[in-house]
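Enquirer: I have a structure I would like to understand better, so I am pasting it below and will then ask my questions one at a time.
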Amino acid sequence: MPIILWVILISSYLNIIILPVLIGLVTMLIFDKYFKTSFFNPVLNGDTILYQHIFWFFGHPEVYVIILPSFGIVSQIVSIFSKKKIFSYFSIIYALLIISTISLIVWGHHMYSLGSSFLLSSFFMYCTMLISIPTGIKIFNWFFTIWRGFIYFDTPFLFCLGFFYFFIIGGFSGIILSSIPLDLFYHGTYFVVAHFHFILVSSTIFSIYSFFYYWSPLLFNIKYNEFLSKLHFWFSFIFLNFSFFPMHFLGFKGMPRRYIDFPKIYLFYNKFISISSILFGFSQLYFFYYIFYPLICY
1 MPIILWVILI SSYLNIIILP VLIGLVTMLI FDKYFKTSFF NPVLNGDTIL
51 YQHIFWFFGH PEVYVIILPS FGIVSQIVSI FSKKKIFSYF SIIYALLIIS
101 TISLIVWGHH MYSLGSSFLL SSFFMYCTML ISIPTGIKIF NWFFTIWRGF
151 IYFDTPFLFC LGFFYFFIIG GFSGIILSSI PLDLFYHGTY FVVAHFHFIL
201 VSSTIFSIYS FFYYWSPLLF NIKYNEFLSK LHFWFSFIFL NFSFFPMHFL
251 GFKGMPRRYI DFPKIYLFYN KFISISSILF GFSQLYFFYY IFYPLICY
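Going by UniProt numbering, 208 is the number at position 208 of the sequence shown; the sequence numbering is gapless.
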């Protein structure tokens, strides 16, 4: 069975586990708001930390629900453009199953700063670090698939390479944030924003572009211009880096997230990020033209 079907299956099972938790959480919030219960209201002896536990039990596996289909897309395209079967097929399947399982027991790394016991925080820290092992296996399998393959550097494969870059950088910053001492400093700063946007947003965007550029000619008979699509890749790659990589430096300097105003010491990086994000938006014009023009014409 293709890996892309495996990841859809695993994502579906993860959703079956975590969505009832979200529904229960929303129900409790509705009861607190309209029926004067006290699940989370501290004035009525409710527990706000309980809210965070329930929310993050849903929220962290949901990240994997979003990113898992990208793993399937990348596995398929790497194999096709390397003219090789995926390296160690079963180890990728086992790695995906292990990642999905561990994702259900690492939600506490979002809550180091709440004052939980050191033993409990250590458990979440080691489980979070442990998830990097099957993730590394999966990445090396992709690289070994490419190794000595007959590679075609067409647009879908370039977006796969961009996916590798963003995912690996985001993974390294994730290992940093999994450490209790480091997370206590970086928690709530732009370093977390950079990590999230590298590991999830940028990686997912590039896998989606890879998917469209490879499968849309097959599914919809839409032809793309190879030169313009490669320009789309390079502009997207450069400006996404310019948009999100400087956020690491803002995190090093301690800039907190979710603040509308900030000291002038952070002004240069914020201006640079804002301009880069606007340019990234303009660089998507060809992709929208590629998708919508045939639909309008035909």
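In this text, a Cβ means the ideal position worked out from N, Cα and C, and glycines have one as well.
Could you give the uninterrupted runs of the alpha helix (DSSP H) lying entirely in the region 192-235, keeping only those of 4 residues or more?
Expert: 203-220
Enquirer: Do the region 129-137 and the region 86-98 make contact, defined as three or more Cβ pairs closer than 8 Å?
Expert: yes
Enquirer: How far does the alpha helix (DSSP H) with D183 in it reach, from first residue to last?
Expert: Start at 1 with the first residue of the sequence shown, and residue 183 comes out as number 183. Counting along the chain, the alpha helix (DSSP H) containing D183 begins and ends at I180 to Y186.
Enquirer: State the Cα-Cα distance for the pair L184 and P263, rounded to the nearest angstrom.
Expert: Here the question's residue 184 lines up with position 184 in the sequence shown. Here the question's residue 263 lines up with position 263 in the sequence shown. Rounded to the nearest angstrom, the two C-alpha atoms are 22 Å apart.
Enquirer: On the three-state DSSP scale, how would you describe T128?
Expert: Here the question's residue 128 lines up with position 128 in the sequence shown. Correct three-state label for T128: helix.
Enquirer: Which two residues bound the contiguous alpha helix (DSSP H) that contains M247?
Expert: Position 247 of the sequence shown, counted from the first residue, corresponds to residue 247. First-last of the alpha helix (DSSP H) with M247: P246 to F252.
Enquirer: Using DSSP bridges, identify the partner residues of T189.
Expert: Indexing the sequence shown from 1 puts residue 189 at position 189. According to DSSP, which records beta bridges pairwise, T189 is partnered with P256.
Enquirer: Please confirm whether I80 and S210 have their CB atoms less than 8 Å apart.
Expert: Taking the first residue of the sequence shown as position 1, residue 80 is located at position 80. Taking the first residue of the sequence shown as position 1, residue 210 is located at position 210. Contact flag unset, no.
Enquirer: When you compare each of T189, I205, V106 and I275 to Y259 by their alpha carbons, which one comes out closest?
Expert: On the sequence shown, residue 259 is found 259 positions in, with the first residue counted as 1. Looking at the Cα atoms, T189 is the closest of the given residues.
Enquirer: Once DSSP output is grouped into helix, strand and coil, what is the label at T135?
Expert: As a position in the sequence shown, residue 135 is number 135, starting the count at 1. In the structure shown, the three-state DSSP call for T135 is helix.
Enquirer: Could you spell out where the alpha helix (DSSP H) holding K271 opens and where it closes?
Expert: Walking along the sequence shown from the start, residue 271 turns up at place 271. From DSSP, the alpha helix (DSSP H) with K271 extends over L267 to F282.
Enquirer: Rounded to the nearest angstrom, what separates residue 300 and G46 at their Cα positions?
Expert: Past the edges of the chain, shown from 1 to 298, lies residue 300, and the structure says nothing about it.
Enquirer: Does the distance from the CB of L240 to the CB of F280 come in under 8 Å?
Expert: Within the sequence shown, residue 240 is the residue found at index 240, counting from 1. Within the sequence shown, residue 280 is the residue found at index 280, counting from 1. Result yes, Cβ atoms of L240 and F280 sit closer than 8 Å.
Enquirer: Taking all protein chains shown into account, decide if M1 is buried (16 or more other Cβ within 10 angstroms of its Cβ) or exposed.
Expert: Position 1 of the sequence shown, counted from the start, is the residue given in the question as residue 1. Looking at its Cβ environment, which holds fewer than 16 other Cβ atoms inside 10 Å, M1 is exposed.
Enquirer: Can you give me the C-alpha to C-alpha distance between F287 and Y213, rounded to a whole angstrom?
Expert: The sequence position of residue 287 within the sequence shown is 287, counting from 1. The sequence position of residue 213 within the sequence shown is 213, counting from 1. Each residue's alpha carbon lies about 9 Å from the other.
Enquirer: Any idea what DSSP makes of G162, helix, strand or coil?
Expert: Stepping through the sequence shown from its first residue, residue 162 is reached at position 162. Of the three classes helix, strand and coil, the one that applies to G162 here is helix, per DSSP.
Enquirer: Report the option in H195, S236 and L228 whose CA atom is closest to the CA atom of I208.
Expert: Taking the sequence shown and counting its residues from 1, one reaches residue 208 at position 208. When each option's Cα is compared against that of I208, the closest is S236.
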